[in-house]
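Structure first, then comments.
Residue numbers (this note's numbering): 19 to 92.
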């Protein structure tokens, strides 16, 4: 059974997924941090993190790593 707090976190995560899809740049990075906190809190409640959140979290992390490498001086 999913607790009310977990359901609330999942709803918040779903809202963030939509916002992330429409965002770019620094806003996207900030929203990713919010999504990552939601994922962490879902885990702390002992619930399973929805795959859509985990997939997006990894995708955004890869983007951030690529951006850092793109900005390294040669």
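Backbone N, C-alpha and C define an ideal beta-carbon position, used for all residues, glycine too.
Fair warning: this is a prediction, and the values are worked out from it, not measured in the lab.
Item: Less than 8 Å between the CB atoms is what I'm expecting for residue 29 and residue 38, so what's the real figure, rounded?; Value: Between residue 38 and residue 29 the Cβ distance is about 15 Å, and since that is not below 8 Å, they are no contact.
Item: For residue 79, count the other beta carbons within 10 Å of its own beta carbon; 16 or more makes it buried, fewer makes it exposed. Which is it?; Value: exposed
Item: Quick one: which unbroken alpha helix (DSSP H) runs of 4-plus residues sit fully inside the stretch 22-47? Chain order, please.; Value: 22-40
Item: Check whether the Cβ atoms of residue 24 and residue 50 sit closer than 7 Å, and answer yes or no.; Value: no
Item: Going by other Cβ atoms of all chains shown within 10 Å of its Cβ, with 16 needed for buried, is residue 76 buried or exposed?; Value: exposed
Item: With DSSP as the reference, label residue 50 as helix, strand or coil.; Value: helix
Item: On the CB-based measure, 16 or more other CB atoms within 10 Å of its CB, does residue 74 come out buried or exposed?; Value: buried
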